[in-house]
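In what follows, a single structure is set out as structure tokens and then discussed.
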Amino acid sequence: MKKAIFFMCDQYADWEGAYLSSQLNQQDDWRIITASVMPVVTSIGGFKTQVDERLDELSQDADLLILIGGNSWEQDYQKLTVTIQTYLQRGKVVGAICGAVDYLARNGLLTGYQHTGNAQFLWKNDKQYTNPQDFREKQVVQDHNLITANGTAALDFTDLILTKLFTKQLEIHQEMRLQRLGFYRYVALYGNPYQ
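Last residue of the sequence shown: 194 in numbering that gives the first Met the number 0, with the numbers rising by one and none dropped.
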């Protein structure tokens, strides 16, 4: 069974991980694990999540580490930084979106990777952000096993991570196209996907 850890702080952006977690959770061979610093976190949308793992017990052997953005990524956590470094060094897929990319920049975890984020000027005072030349003005960027996205790219983020993980590319792209277009427009263009 493969494991995906979704790490979220309090005031996490619930929509940024919802598409990805729902797609993975429907796979028979994937297990979703929620994690945070606190035992219970509340999303920007008001959903309370009782997490499966706390930061001090965070699994080091998952196949995928997703860092969900939100309003509370200002604090630094040494254990989380080391965990992210470990995943990157082991070649595991790490995905960060929105405010979580700010965390990576502040802690030097974007060094050596092309990347994107909400806005590069946010990192101008971050001493460990040393490679501004690698910033790309795109919704989502993949470089090796690191995938970064800005806060408006939940579907693109999901699409790229699923493309990285699975060989069933056509089905993944169909599902993301359906979400982008909506059912009726999709049906008008491509036919009913459920018939």
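Ideal Cβ placement from N, Cα and C applies to all residues, glycine included.
Determine, using beta carbons only, whether residue i and residue j come nearer to each other than 8 Å.
i: Ala258; j: Gly69; result: Residue 258 cannot be examined here, being either before or after the span of the chain that is shown, 0 to 194.
i: Gln132; j: Leu108; result: no
i: Cys97; j: Asn149; result: yes
i: Lys2; j: Asp62; result: yes
i: Met0; j: Arg30; result: yes
i: Thr80; j: Asn117; result: no
i: Phe156; j: Leu57; result: no
i: Arg176; j: Tyr185; result: yes
i: Glu174; j: Gln22; result: yes
Using alpha carbons as the reference points, say which of the options lies closest to residue i.
i: Gln77; options: Arg179, Leu54, Phe165 and Ile43; result: Leu54
i: Gly111; options: Glu73, Thr129 and Phe120; result: Thr129
i: Leu145; options: Lys91, Gln22, Pro38 and Gln74; result: Lys91
i: Lys74; options: Ala104, Asp60 and Phe46; result: Residue identity differs from the one stated: residue 74 is Gln in this sequence, not Lys. With distances taken between Cα atoms, Gln74 lies closest to Ala104.
i: Lys137; options: Gln119, Gln59, Asn124 and Lys126; result: Gln119
i: Gly44; options: Val139, Asp125, Glu15 and Gln88; result: Glu15
Since residue i and residue j are thought to touch, with beta carbons under 8 Å apart, how far apart are those beta carbons, to the nearest angstrom?
i: Leu64; j: Val93; result: 5 Å
i: Thr212; j: Arg135; result: Since the first residue of the chain shown is 0 and the last is 194, residue 212 is not available in this structure.
By Cβ distance below 8 Å, which residues in the same chain neighbour residue i in space, the five residues on each side in sequence not counted?
i: Arg179; result: Leu154
i: Ile32; result: Lys2, Ala3, Ile4, Phe5, Asp51, Glu52, Ser58 and Ala61
Go through its chain and collect everything with a Cβ distance to residue i's Cβ below 7 Å, but skip five positions before and after it.
i: Ile171; result: Asp158, Leu161, Thr162 and Phe165
i: Val40; result: Met7, Cys8, Asp9, Tyr11, Thr48 and Val50
i: Trp72; result: Cys8, Gly98, Ala99, Asp101 and Tyr102
i: Asp28; result: Met0 and Lys1
i: Tyr86; result: Leu64 and Val93
i: Pro38; result: Gln49, Val50 and Arg53
Could you have a look at residue i and say whether DSSP puts it in helix, strand or coil?
i: Lys137; result: coil
i: Arg89; result: coil
i: His172; result: helix
i: Leu64; result: strand
i: Tyr18; result: helix
i: Ile43; result: coil
i: Asp142; result: strand
i: Ala95; result: strand
i: Tyr112; result: coil
i: Glu56; result: helix
i: Gln49; result: strand
i: Tyr76; result: coil
Below 6 Å CB to CB, which residues in the same chain sit around residue i once its five sequence neighbours on both sides are set aside?
i: Leu200; result: A query on residue 200 cannot be resolved here, the shown segment of the chain reaching from 0 to 194 and no further.
i: Asp142; result: Tyr112 and Gln113
i: Ser42; result: Tyr11 and Asp13
i: Trp122; result: Ala104 and Tyr128
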